[in-house]
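Structure first, then comments.
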Amino acid sequence: MKKEKFSFEYTRFANKAALDPAFKTVVESADAIALNAYAPYSNFKVGAAVELENGEIYSSSNQENAAYPVGSCAERGLLAYVNANFPNIKIAKLAVSTPNINYPLPPCGMCRQYILEMEKKQNQNINIVLSGNEGEVILLDAAADLLPLYFDEEFLQD
Ligand code: THU
1 MKKEKFSFEY TRFANKAALD PAFKTVVESA DAIALNAYAP YSNFKVGAAV ELENGEIYSS
61 SNQENAAYPV GSCAERGLLA YVNANFPNIK IAKLAVSTPN INYPLPPCGM CRQYILEMEK
121 KQNQNINIVL SGNEGEVILL DAAADLLPLY FDEEFLQD
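Going letter by letter, the sequence shown gives residues 1 to 158 in our numbering.
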């Protein structure tokens, strides 16, 4: 039996100060909005920010609910807004950040699928920066790197 292997390359920075300056603004925006996250149940605050190809920045945070599954992650709330309002403007960068941990925040599985849909729709990679409060920062070239063996829209065609 032959085993197959997935691999991808990403960039690791020692901390936010060492980050490629092109990503500074979008990460700062995610950091700032995370502080106002509505997360009274988990107390886990997440911020997400996008930089569009025209340079505009939009951001949002996780929004929880007493009926737990009703709550939404920062990434999906943000991307739904951006895709609703600017469906024809490409997303160049996405930053996801939390003040709660000193580790680059890995997006949940549902958000990976959502981010990937946006990437495929615009037919252009989204650079993704993952960060925590302090410590290492991870820069991914594309959403596709986060989700091998993804559920693809082509499966729904007849
Ligand atoms: N959360 C996000 O907003 N994004 C992620 O990628 C991971 C998890 C939120 C959802 C929930 O409000 C809290 O973090 C704890 O899971």
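Virtual Cβ for every residue (Gly too), placed ideally from N, Cα, C.
- Query: When every heavy atom of the ligand FAD is checked, does at least one fall within less than 7 Å of the C-beta of S42?
  - Reply: This structure lacks the ligand FAD; its bound ligands are the ligand THU.
- Message: I need the DSSP call for I89, collapsed to helix, strand or coil.
- Response: Of the three classes helix, strand and coil, the one that applies to I89 here is coil, per DSSP.
- Look at the alpha carbon of V70 and the alpha carbon of Y10, and state the distance between them as a whole number of angstroms. Roughly 33 Å separates the two Cα atoms.
- Item | Residues bridged to E51 [DSSP beta-bridge criterion] | In DSSP, E51 forms a bridge with I57, K93.
- Query: Is G71 near the ligand THU, going by C-beta to nearest heavy atom under 7 Å?
  - Reply: Indeed, a heavy atom of the ligand THU lies less than 7 Å from the Cβ.
- Message: With DSSP as the reference, identify every bridge partner of T11, one or two as the case may be.
- Response: According to DSSP, which records beta bridges pairwise, T11 is partnered with L139.
- Is E119 buried or exposed, if buried means 16 or more other CB atoms sit within 10 Å of its CB? So E119 ends up on the buried side.
- When the Cβ atoms of the region 41–54 are set against those of the region 77–90, are three or more pairs found closer than 8 Å? Segment contact: the region 41–54 against the region 77–90, three or more CB-CB distances shorter than 8 Å; contact assigned.
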